[in-house]
Every structure is written in C-alpha cells, then in structure tokens.
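Residue numbers (the working numbering): 1 to 283. Below is one structure, written out as structure tokens; comments come after it.
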C-alpha cells in the first residue's frame, strides 16, 4: 500500500448515524458531494476515499509568498499596490483568528449548521475589508501557467465559484457582513521568457466573482440525507472515478467468465482424450 494513500479510513473519521455530536464536513467534501454523491458516500460513510492527486508544491509556495506579502499590509493597515492598480478601496482584514481561518487542513472558518448538525468548515486564502462599507471580501489565490486568457469559464471555474461561495456563507454565519463580490488573485507563470535563469516570472490578474450562496443550505440538507441512508446513492454520470471502477469491474468479470469457459472446455477436452486412451488400453 502506498504511504500516500490508505484505501480504508479509520472508523473515527466516518459519519455515524447514531452519533449526536456535530460531524465535521469540509468545503472540499461538500464539493465532492456536488461532483459525485456515490464517491462522497464511499468516502464519508464507508471509508473508501478517492486516491489523492499529487501535491502542487509550486502552487503552495506561491500561496505562501502571497500571504506573506499581503500580511505586511495587513499589519500596516495599508493597501497593497495590486489593490491600487485595480481600483479596489480595501485593505487586508486584520483579525486575531486570521491564522486559524487560513488553516485549511485542521481548522478554518467553522460553523455548526443547526438543521443538519454538520460542522461546516473551510480554510480561506485571504480576506480583505472594504474601507467604505466595512464589508469583508473573500479572496482566493490561484496559480497556473498557460498562454490563453485567464477566465472562470468551464467546470473548473464553476468549482472555484462554489469554493468562494462556501467561504462567503461561512463568514456570514459567523456574523460578518460579507460582500457578494469576491476576487481570485490569479498568478500566471510566463512561458515566453528567453531563459529560465533560476527564476520564473508571473503575470498577476484579478478576477472578480459575484457569489450566490443560496444553494449552500439546500445542498447541506441533501448531503445529510445521503449520509443517513444505508443505501448508497447513484453515481454521477460525469464521474470519471466511478466510470473507471465500473469499467475495471466489468472487464474483470468478463475475464473471469472467459477463464472459466476456457477451463471448462480444456477440462472437457482432457476428459475426452483420457477416455479415448482408456478405450485403446482396454482393447
């Protein structure tokens, strides 16, 4: 078994329908449910999660550097030059829980949803504050390297938008006034440089994203209903993981049937040969 992937989770991490304690559910697991209810159920209820992707270490490094850069302005309560360039009258939000909110692995912004008893959490990259209205602005850092124009179109853009909306919803549930529009700070690696020279140059683009959090509570209710059921839900027709599992299972069944059929034919052939030999010996 790979040291990076344990196919069977410990029971302490699984949802127990009999438990009265709030069950922690991360923003990424909500997105997993939206992507494929069966993969979500296998993971959270039965303990068999999808294999993880490879860690994007360069992206993590960019995130850390951006956080450090914005933290300088957070402490000074000044605008980052990037905000000035895009005409955003805001400063990085300074709050004692900021480090906790940015801890996506263990803490994050958290709220126990009364209707489902789910403790929903998500780790933000950054939060800015509008200097005029006092509203909080959710900010997410993204790193990529491509020549085409950066946009939020397509399935990946929809996933990013849901991510931001969950953060907006969480902050509102914690009593904060949150702007509908958040921003993606998109860092795009430049592939057109003449040489590497031990450095990678980036273009930085700010993409506004108007959030709509009205879907969050209905999806939490459906998600909880799914977890309470003893019957696994149907898979999403678009789920590549389920398609792979089905194809692998089907081909193994076909191969087993072929081996059984070939074995039976070979056994019949051997029996016929033995019978002929027996008849010849008897004569």
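For glycine and all other residues, C-beta sits at the position ideal for the given N, C-alpha and C. All values reported here derive from a predicted model rather than from experimental measurement.
Sort the options by Cα distance to residue i and report the nearest one.
i, options, result
"residue 75", "83, 91, 257", "91"
"residue 219", "59, 32, 102, 78", "32"
"residue 204", "217, 194, 184", "184"
"residue 176", "111, 208, 193, 144", "111"
"residue 21", "113, 5, 122", "113"
"residue 125", "49, 141, 117", "141"
"residue 237", "53, 230, 35", "35"
"residue 64", "250, 224, 156, 103", "103"
"residue 44", "192, 12, 52", "12"
"residue 41", "57, 19, 226", "226"
"residue 105", "98, 253, 123", "123"
"residue 162", "30, 5, 19", "30"
"residue 18", "158, 249, 230", "230"
"residue 206", "79, 259, 85", "85"
"residue 168", "194, 135, 156", "135"
How many angstroms separate the CA atom of residue i from the CA atom of residue j?
i, j, result
"residue 15", "residue 262", "45 Å"
"residue 215", "residue 61", "32 Å"
"residue 153", "residue 132", "31 Å"
"residue 37", "residue 235", "6 Å"
"residue 139", "residue 117", "28 Å"
"residue 251", "residue 53", "25 Å"
"residue 255", "residue 245", "15 Å"
"residue 160", "residue 248", "31 Å"
"residue 211", "residue 257", "52 Å"
"residue 67", "residue 213", "26 Å"
"residue 221", "residue 158", "21 Å"
"residue 253", "residue 217", "41 Å"
"residue 165", "residue 82", "23 Å"
"residue 71", "residue 56", "23 Å"
"residue 259", "residue 239", "30 Å"
"residue 200", "residue 69", "17 Å"
"residue 289", "residue 79", "Past the edges of the chain, shown from 1 to 283, lies residue 289, and the structure says nothing about it."
"residue 87", "residue 73", "16 Å"
"residue 97", "residue 196", "39 Å"
Excluding five sequence neighbours on each side, which residues of the same chain lie with their C-beta closer than 7 Å to the C-beta of residue i?
i, result
"residue 130", "89, 90, 137, 179"
"residue 202", "187, 188, 189, 190"
"residue 281", "Because residue 281 sits at a pLDDT of 37, beneath the cut-off of 50, its placement in the model cannot be relied upon, and the following sentence gives the value as read from the coordinates. No residues qualify anywhere along the chain."
So, for residue i: in the same chain, excluding its five sequence neighbours on each side, which residues have a beta-carbon less than 8 Å away from its beta-carbon?
i, result
"residue 77", "91, 94"
"residue 121", "24, 25, 26, 27, 107, 108, 109, 110, 111, 170"
"residue 101", "95, 107, 108, 109, 123, 124, 127"
"residue 242", "36, 38, 39, 235, 236"
Return the chain-ordered list of same chain residues with a C-beta closer than 6 Å to the C-beta of residue i, the five sequence neighbours on each side being excluded.
i, result
"residue 173", "111"
"residue 277", "Low local confidence applies: a pLDDT of 46 at residue 277 is under 50, so the model's placement there is unreliable, and no value is given."
"residue 223", "33"
"residue 181", "208, 210"
Quick one, are the C-beta atoms of residue i and residue j less than 7 Å apart?
i, j, result
"residue 8", "residue 47", "yes"
"residue 6", "residue 143", "no"
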